[in-house]
Amino acid sequence: MLAAMSGWTPDRVSKLAPDAASLAAGQALASPKKWTSIGASSDADRTIWGLCQGSGKQPYQARVDLGEPAFKCSCPSRKFPCKHTLALLLLYAKDPKPFKSQAEPSWVSDWMTERVGRAERKAEKAQAAADKPIDEEAQAKRAAKRDDRVQWGARECRVWLDDLARRGLAAARTDPGGDWDRIAARMIDAQAPGLAAAVRRIAGSLASGDGWETRTLDLLGRLHLLLEATDKLAILPAELAIDVRTALGYPQSKDDALAGPTHQDTWTVIGQVHEDEDRLTVRRTWLFGRTTARRALIVDFAAGNQRLEPGLLPGTEFEGEVVFYPSGSPLRALVKNRGDTRPISMLKLESNGTIAANLLAYAQTLATNLWLSRYPFLIEGAKLARESPNSAASDHDRWYLTDAHGSALPLRPGFAAGTQLWKLLSISGGRGITTALEWDGEDALPIAALTIHPTTTLCDLAPRWVA
Amino acid sequence: MTAPPSPATRLKNLTPTALLGTDRAPLATPLPTAAAGASSGAPQSSARTLLTLAASLGPRARAGFNAPTRAPLATEAPIDPRPPTPAVAAATLERILDAPDALLLDEWARAANEHNQRVPDANIPALLDWWSRQQHRSPAIASVLGERARWLATFRPEWERAFAANTVPPNADELWQTAGAAQRAQVLQTVRLADPARGLALLQSTWTTDSADDRRRFLDAIAHGLDPSDEPALESMLADRSKGVRQRAATLLAKIPGSAYRARMRERLAGVLKTEQAKKGLLRKQATTLSLNPPKDLDPSWEKDAIDPTAPHGVGKRAWWLQQLAASCEPAAWQDLTGLDAAAIIGALKDDEYFEDAAAGWFRAAEATPDPAWIEALTALYRQRAKRKVPASWMSPTSLWPLLPRDRHESLALSEITDTPNAAEALTCLDTLLAPWSPSFSSSLLRALVASKLKLTTYDFYSGAPLWTIAARIHQTHAAALDAWATSAGEGGKQDPTDAPTRTQFSDRLRLRIEMHQEFALPTP
Numbered sequence: 369m370l371a372a373m374s375g376w377t378p379d380r381v382s383k384l385a386p387d388a389a390s391l392a393a394g395q396a397l398a399s400p401k402k403w404t405s406i407g408a409s410s411d412a413d414r415t416i417w418g419l420c421q422g423s424g425k426q427p428y429q430a431r432v433d434l435g436e437p438a439f440k441c442s443c444p445s446r447k448f449p450c451k452h453t454l455a456l457l458l459l460y461a462k463d464p465k466p467f468k469s470q471a472e473p474s475w476v477s478d479w480m481t482e483r484v485g486r487a488e489r490k491a492e493k494a495q496a497a498a499d500k501p502i503d504e505e506a507q508a509k510r511a512a513k514r515d516d517r518v519q520w521g522a523r524e525c526r527v528w529l530d531d532l533a534r535r536g537l538a539a540a541r542t543d544p545g546g547d548w549d550r551i552a553a554r555m556i557d558a559q560a561p562g563l564a565a566a567v568r569r570i571a572g573s574l575a576s577g578d579g580w581e582t583r584t585l586d587l588l589g590r591l592h593l594l595l596e597a598t599d600k601l602a603i604l605p606a607e608l609a610i611d612v613r614t615a616l617g618y619p620q621s622k623d624d625a626l627a628g629p630t631h632q633d634t635w636t637v638i639g640q641v642h643e644d645e646d647r648l649t650v651r652r653t654w655l656f657g658r659t660t661a662r663r664a665l666i667v668d669f670a671a672g673n674q675r676l677e678p679g680l681l682p683g684t685e686f687e688g689e690v691v692f693y694p695s696g697s698p699l700r701a702l703v704k705n706r707g708d709t710r711p712i713s714m715l716k717l718e719s720n721g722t723i724a725a726n727l728l729a730y731a732q733t734l735a736t737n738l739w740l741s742r743y744p745f746l747i748e749g750a751k752l753a754r755e756s757p758n759s760a761a762s763d764h765d766r767w768y769l770t771d772a773h774g775s776a777l778p779l780r781p782g783f784a785a786g787t788q789l790w791k792l793l794s795i796s797g798g799r800g801i802t803t804a805l806e807w808d809g810e811d812a813l814p815i816a817a818l819t820i821h822p823t824t825t826l827c828d829l830a831p832r833w834v835a
Numbered sequence: 002m003t004a005p006p007s008p009a010t011r012l013k014n015l016t017p018t019a020l021l022g023t024d025r026a027p028l029a030t031p032l033p034t035a036a037a038g039a040s041s042g043a044p045q046s047s048a049r050t051l052l053t054l055a056a057s058l059g060p061r062a063r064a065g066f067n068a069p070t071r072a073p074l075a076t077e078a079p080i081d082p083r084p085p086t087p088a089v090a091a092a093t094l095e096r097i098l099d100a101p102d103a104l105l106l107d108e109w110a111r112a113a114n115e116h117n118q119r120v121p122d123a124n125i126p127a128l129l130d131w132w133s134r135q136q137h138r139s140p141a142i143a144s145v146l147g148e149r150a151r152w153l154a155t156f157r158p159e160w161e162r163a164f165a166a167n168t169v170p171p172n173a174d175e176l177w178q179t180a181g182a183a184q185r186a187q188v189l190q191t192v193r194l195a196d197p198a199r200g201l202a203l204l205q206s207t208w209t210t211d212s213a214d215d216r217r218r219f220l221d222a223i224a225h226g227l228d229p230s231d232e233p234a235l236e237s238m239l240a241d242r243s244k245g246v247r248q249r250a251a252t253l254l255a256k257i258p259g260s261a262y263r264a265r266m267r268e269r270l271a272g273v274l275k276t277e278q279a280k281k282g283l284l285r286k287q288a289t290t291l292s293l294n295p296p297k298d299l300d301p302s303w304e305k306d307a308i309d310p311t312a313p314h315g316v317g318k319r320a321w322w323l324q325q326l327a328a329s330c331e332p333a334a335w336q337d338l339t340g341l342d343a344a345a346i347i348g349a350l351k352d353d354e355y356f357e358d359a360a361a362g363w364f365r366a367a368e369a370t371p372d373p374a375w376i377e378a379l380t381a382l383y384r385q386r387a388k389r390k391v392p393a394s395w396m397s398p399t400s401l402w403p404l405l406p407r408d409r410h411e412s413l414a415l416s417e418i419t420d421t422p423n424a425a426e427a428l429t430c431l432d433t434l435l436a437p438w439s440p441s442f443s444s445s446l447l448r449a450l451v452a453s454k455l456k457l458t459t460y461d462f463y464s465g466a467p468l469w470t471i472a473a474r475i476h477q478t479h480a481a482a483l484d485a486w487a488t489s490a491g492e493g494g495k496q497d498p499t500d501a502p503t504r505t506q507f508s509d510r511l512r513l514r515i516e517m518h519q520e521f522a523l524p525t526p
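Listed in order, the protein sequences are those of chains A and B.
Each residue of the first sequence is one higher than the one before, counting from 369 in our numbering.
Each residue of the second sequence is one higher than the one before, counting from 2 in our numbering.
1. Just to confirm before moving on: does the CB-CB distance between arginine 247/B and leucine 239/B stay below 8 angstroms?
2. Please report the straight-line C-alpha distance between proline 464/A and arginine 647/A, rounded to a whole angstrom.
3. Output the distance between the C-alpha atoms of proline 403/B and glycine 315/B, rounded to the nearest integer angstrom.
4. What does a CB cutoff of less than 6 angstroms around leucine 511/B pick up in its chain, not counting 5 residues either side in sequence?
5. Rounded C-beta distance between valine 518/A and glutamine 559/A? I'm assuming under 8 angstroms.
6. Is it the case that the Cβ atoms of alanine 772/A and isoleucine 795/A are separated by a distance below 8 angstroms?
7. Check whether the region 578 to 585 of chain A and the region 624 to 635 of chain A touch, using three or more Cβ-Cβ pairs below 8 angstroms as the test.
8. Decide if alanine 39/B is buried, meaning its Cβ has at least 16 other Cβ atoms within 10 Å, or exposed.
9. Which of helix, strand or coil does DSSP assign to glutamine 336/B?
10. Should lysine 401/A go down as buried or exposed, given a rule of 16 or more other Cβ atoms within 10 Å for buried?
11. So the beta strand (DSSP E) aspartate 644/A belongs to, where does it begin and stop?
12. Against chain A, does serine 41/B count as a neighbour if the rule is that its beta carbon must be under 8 angstroms from one of theirs?
13. Roughly how many whole angstroms lie between the Cα atoms of threonine 207/B and alanine 173/B?
14. If you drop the 5 nearest sequence neighbours on each side, which residues of the same chain put their C-beta closer than 6 angstroms to that of glycine 245/B?
15. Closer than 8 angstroms, CB to CB, is aspartate 509/B near chain A or not?
16. Alpha carbon to alpha carbon, how far is serine 329/B from glutamine 184/B?
17. Quick one: which chain B residues come within Cβ less than 9 angstroms of alanine 725/A?
18. Quick one: which chain A residues come within Cβ less than 7 angstroms of glutamine 64/B?
19. Following the continuous beta strand (DSSP E) through glycine 707/A, name the residue where it begins and the one where it ends.
20. Spatial neighbours of alanine 540/A within its chain, please: CB distance less than 8 angstroms, with the 5 preceding and 5 following residues excluded, ordered by chain position.
21. How close, in whole Å, do the beta carbons of alanine 222/B and aspartate 586/A come, if the pair is a contact with beta carbons under 8 angstroms?
22. For the candidate residues Arg151/B, Asn114/B and Arg134/B, whose alpha-carbon lies nearest to that of threonine 76/B?
23. Under the assumption that threonine 653/A contacts isoleucine 666/A (Cβ atoms under 8 angstroms), give the Cβ distance between them as a whole number of angstroms.
24. Can proline 449/A and leucine 384/A be called in contact, C-beta distance under 8 angstroms?
25. Name, please, each residue of chain A whose Cβ falls closer than 8 angstroms to the Cβ of glutamate 516/B.
26. Suppose only complete runs of 3+ residues qualify. What are the beta strand (DSSP E) ranges in the region 716 to 797 of chain A, listed by chain order?
27. Which word fits alanine 835/A, buried or exposed, when buried means at least 16 other C-beta atoms lie within 10 angstroms of its C-beta?
28. Just checking my contact of isoleucine 347/B with leucine 382/B at CB under 8 angstroms: how many whole Å lie between their CB atoms?
29. Do glycine 1/B and proline 229/B have their C-beta atoms closer together than 8 angstroms?
30. Taking 8 angstroms as the cut-off, decide whether the C-beta atoms of aspartate 24/B and arginine 535/A are in contact.
31. The ligand GTP and arginine 510/B: does the residue's C-beta get closer than 7 angstroms to at least one heavy atom of that ligand?
32. Using 8 angstroms for Cβ pairs, my map puts alanine 92/B next to serine 410/A. What's the rounded Cβ distance?
33. Which of the three DSSP states is assigned to valine 476/A in this structure?
34. Could you tell me which uninterrupted beta strand (DSSP E) segments, each at least 3 residues in length, are contained entirely in the region 411 to 472 of chain B, listed from first to last along the chain?
35. Under 8 angstroms between the Cβ atoms of glutamate 520/B and alanine 127/B?
36. By the three-class DSSP mapping on this structure, what secondary structure does glycine 800/A have?
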């Protein structure tokens, strides 16, 4: 079947939808009846296109570049990809036969040419920028100015943190929230968004349920450590200084990443988590290299109403080159070159998919980057375990993920309380199943699980649309 | 020597200080200078000491996380040998569950069952959760969910209860003594289904202390599985203090074949129904003439059998008693007494003074003791009288049709629509014809719709309108033709600008159903 060859399944397409409403609208339009003309490029798997009659006079011209994938439609929707392009691709994924191979109409080929041209212009511009003599003096001046501001912000934060430790968490908890927002805003002014995030995390932790006292104290310690390190930034070893600057919220330079060594491998997209962080949507995509067993984290941001470009899809794999941002323990990465994406074929773990081995890898990574907030685990043959409440303190079951040796990781209470736990339980059927999760040193958030019967399929466990 | 406390324990031990603040709870132990870091020289404040300790213990606690040991779940889900539905069908299921529609979900499940496919594992929890919260739980969905769902339910009481709703709870006797009335009725019903005698015993065990309302409710709960062994108890309930209870007991007794109650009623009927053989007409043909002669005064024994002596306003006493008598006799008694079939009895009595009252009883009797011949004959009678005026005491026969075999129900519904001048109104009779509709009925119905020359307006496309019922239930092989007809029939009618969205929903519903059925046949990649 062609659809299987091209690797597009309705499931895969549905993950590209910007939100649930767009997906529903796309599904409603994914019927040959709704389209007056559909076609596919004679160059197989390059483009598909179609005309869809909307409320306007002219039918909308929807086109999809199957390679990237990339989308373009003449409709006025601000959603991206819009329902028309989604519907077109869904239709193709369901059954590619009605898409007769033919020459691309001009409105498709022009778009493709334009896109290639744009990519070239972008490269040229980058080249030009690289060729342009850099005003090193001005750059240094700007950098020094930012350093000053950050140092000034860190000192203000230091006073606030000391004061918090003196007054006590119990008092802080009963305070109205105003002070947190104020100090976080001051840190943004100081161009230290990392400090602002740390302050907000402390505020959030005060109401985080069972064990909040220890959790919050740990966060105070982390912030304290960051402030101490900021104070000594000038004398820290280079790699440590980079991680401190990253933790403070200095932007990481793509050029620095691209300048580093490239890692060629078959990369599997083992999971994706969307999170809303103060008017910012953050998308974390975890990659796992088949031959090197390297883990890589791709982070994408979208501010406000901006949209996240559809990117890597969980459950797919690609041959490609990945480069890492400099760090004591490189984890955040960029995809430098990506070959064709295909559905996951297999996932071979390093010899040891045990909890102990994963915890060790985490500890080693943490030792080189004390501000590491989460780390991906891949547990082989993981089974769920349940602990019924035995005290009056909590009336909820506590859920764990265990490995073949009986070691157990507690699952994040939010995960266990939601529908995703039941999904994991259902696909595993109580049997061992390879599970990918995010570990933060305290509890585990499963993000995907791999079933091998009847086919190798990655089941996405992270909620797709988080509030 | 005991092991020193772990970093995690030491961090936890610091929380009382962190909670109170170092102003109120200063740290007693000064920090060794090595751990204090580079800010040597100046003495550390207590707050700084707390923060430095937290900073050093936190990462060590995280790095040194000591994974506990836990026993994995003791059971594994049984293997379901059926293949899962194709991914497209599962995606459709998810889409329906976004705005759950019971009829569509039931249809999805039936189609999957026909293809001998099961719900993919990842989709089980959402469907199971919806299904478990329904009052009427579709058996088709339970079947397509399969054994894995039953296994999953063992981890969640509210799901387990849904599966257990039709099985007798182990503590049924205790629940019967202690639970509220609604739950007791449910317990009684499940016990009665599993073991009728135990159900009756349960009912009798608290009979003298239950309130009249409860007694009535519980009698309804034992309506299934009636047999002669229930008779003595029900007979004694004819002497109950409450009129409602007496009437319920009589209704149940009337359903027991060969009951003494039935015999008493038949005897009363024999006293009222006069049969004469006479030669009639020009050909002097031998014919049976029937007449009705209800008693002038009510015998006290009638009242003991729950015949209500007091007629409602506007109804004669004798007519009222006859109505109740006819309703309490099984229809077959009339045949036995006269040697005539249903249609002939109706024909022979139609000019009788009390005919309308007897008929009012027949409708109810045909409902209590389903009898296809009587239901068809009563339908014919009702249709005939519908041309003039139907007596208010008569029931609409459409509510009796579900008691007929499906093909008869379909054929009566079809004739209702084809034989009427007002097809639009006749379409409401389809309400009681539940899905799935047979392909032959669906195609006949379509032909009837085309022939009816109906002009559709906006209102016909609203959900809840008969047309919507047809769209939801018509066999999927005729869904496209229905859409085509609705489009052409709509164009003849008045064009309304607000028409478009409802029309679109109507077409979308039909299209979803057509595609849904195709999706199960797609090969799984």
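Think of the CB as a built atom: it goes at the ideal place given N, C-alpha and C, for glycine as much as any other residue.
Source: prediction; values computed, not measured.
Result, derived from the coordinates:
1. Residue 247/B sits at position 246 when you count from the first residue of the second sequence. Residue 239/B sits at position 238 when you count from the first residue of the second sequence. In this structure, leucine 239/B lies closer than 8 angstroms to arginine 247/B by Cβ.
2. The residue you call residue 464/A lines up with position 96 of the first sequence. The residue you call residue 647/A lines up with position 279 of the first sequence. Whole-angstrom Cα-Cα distance: 39 angstroms.
3. Here residue 403/B corresponds to residue number 402 of the second sequence, with the count starting at 1. Here residue 315/B corresponds to residue number 314 of the second sequence, with the count starting at 1. Rounded to the nearest angstrom, the two C-alpha atoms are 32 angstroms apart.
4. Locating residue 511/B in the second sequence gives position 510, counting from the first residue. Hits under 6 angstroms: Ala472, Ala480 and Asp484.
5. Here residue 518/A is taken as the residue at index 150 of the first sequence, counted from 1. Here residue 559/A is taken as the residue at index 191 of the first sequence, counted from 1. The pair is a contact, with the Cβ atoms about 6 angstroms apart (cut-off 8 angstroms).
6. Along the first sequence, read from residue 1 onward, the residue named residue 772/A stands at position 404. Along the first sequence, read from residue 1 onward, the residue named residue 795/A stands at position 427. Not in contact: alanine 772/A and isoleucine 795/A (Cβ atoms no closer than 8 angstroms).
7. no
8. Against the second sequence, residue 39/B aligns to sequence position 38. Confidence is the limiting factor: at alanine 39/B the pLDDT is only 47, short of 50, which leaves the residue's position unreliable and the question unanswerable from this model.
9. Working through the second sequence from its first residue, we reach residue 336/B at position 335. In the structure shown, glutamine 336/B sits in a helix (DSSP, three-state: H, G or I).
10. Your numbering for residue 401/A matches position 33 in the first sequence. Counting Cβ neighbours within 10 Å, lysine 401/A comes out exposed, since fewer than 16 surround it.
11. Within the first sequence, numbered from 1, the residue matching residue 644/A stands at position 276. Its beta strand (DSSP E) spans residues 630 to 644.
12. Indexing the second sequence from 1 puts residue 41/B at position 40. Summary for serine 41/B: the model assigns pLDDT 47, below 50, so the residue's position carries little reliability, and this model does not support an answer.
13. Taking the second sequence and counting its residues from 1, the one referred to as residue 207/B is at position 206. Taking the second sequence and counting its residues from 1, the one referred to as residue 173/B is at position 172. Going from the Cα of threonine 207/B to the Cα of alanine 173/B covers about 14 angstroms.
14. As a position in the second sequence, residue 245/B is number 244, starting the count at 1. Around glycine 245/B: Arg217.
15. To locate residue 509/B, count along the second sequence from 1; it is residue 508. Answer yes: the Cβ-Cβ gap between aspartate 509/B and chain A drops below 8 angstroms somewhere.
16. Looking up residue 329/B in the second sequence gives position 328. Looking up residue 184/B in the second sequence gives position 183. Their Cα atoms are separated by approximately 31 angstroms.
17. Counted from its first residue, the first sequence places residue 725/A at position 357. Those do not exist, as alanine 725/A stays about 11 angstroms from chain B at its closest Cβ, beyond 9 angstroms.
18. To locate residue 64/B, count along the second sequence from 1; it is residue 63. Before going further, note that residue 64/B is alanine rather than glutamine in the sequence given. Neighbours of alanine 64/B on chain A, chain order: Ala731, Leu734 and Ala735.
19. Indexing the first sequence from 1 puts residue 707/A at position 339. Counting along the chain, the beta strand (DSSP E) containing glycine 707/A begins and ends at 701 to 711.
20. Here residue 540/A is taken as the residue at index 172 of the first sequence, counted from 1. Excluding positions up to five away in sequence, the list reads Leu532 and Leu574.
21. Position 221 of the second sequence, counted from the first residue, corresponds to residue 222/B. Position 218 of the first sequence, counted from the first residue, corresponds to residue 586/A. 59 angstroms between Cβ atoms; not a contact.
22. In the second sequence, residue 76/B corresponds to position 75, counting from 1. Per the Cα distances, Arg151/B.
23. Taking the first sequence and counting its residues from 1, the one referred to as residue 653/A is at position 285. Taking the first sequence and counting its residues from 1, the one referred to as residue 666/A is at position 298. Yes, threonine 653/A and isoleucine 666/A are in contact; Cβ-Cβ is about 4 angstroms, under 8 angstroms.
24. In the first sequence, counting from the first residue as 1, residue 449/A sits at position 81. In the first sequence, counting from the first residue as 1, residue 384/A sits at position 16. Going by C-beta atoms, proline 449/A is nearer than 8 angstroms to leucine 384/A.
25. To locate residue 516/B, count along the second sequence from 1; it is residue 515. Result: Ser399.
26. 743 to 755, 766 to 770 and 776 to 778
27. Your numbering for residue 835/A matches position 467 in the first sequence. Low confidence applies here, because alanine 835/A scores a pLDDT of 29, under 50, leaving its location unreliable; read the following figure in that light. Alanine 835/A is exposed by the Cβ-count criterion.
28. Here the question's residue 347/B lines up with position 346 in the second sequence. Here the question's residue 382/B lines up with position 381 in the second sequence. Right, their Cβ atoms sit about 6 angstroms apart.
29. With chain B running from 2 to 526 in the structure shown, residue 1/B is simply not present.
30. The count along the second sequence starts at 1 and reaches residue 24/B at position 23. The count along the first sequence starts at 1 and reaches residue 535/A at position 167. Contact: yes.
31. By its list of ligands, the structure shown contains no ligand whatsoever, and the ligand GTP lies outside what it can speak to.
32. Residue mapping note: residue 92/B aligns to position 91 of the second sequence, counting from 1. Residue mapping note: residue 410/A aligns to position 42 of the first sequence, counting from 1. Not really, about 30 angstroms apart at Cβ, beyond 8 angstroms.
33. By 1-based counting over the first sequence, the position of residue 476/A is 108. Valine 476/A falls in the helix class under three-state DSSP.
34. none
35. One-based indexing of the second sequence puts residue 520/B at position 519. One-based indexing of the second sequence puts residue 127/B at position 126. Going by C-beta atoms, glutamate 520/B is not nearer than 8 angstroms to alanine 127/B.
36. In the first sequence, the residue the question calls residue 800/A occupies position 432. It is coil, neither helix nor strand.
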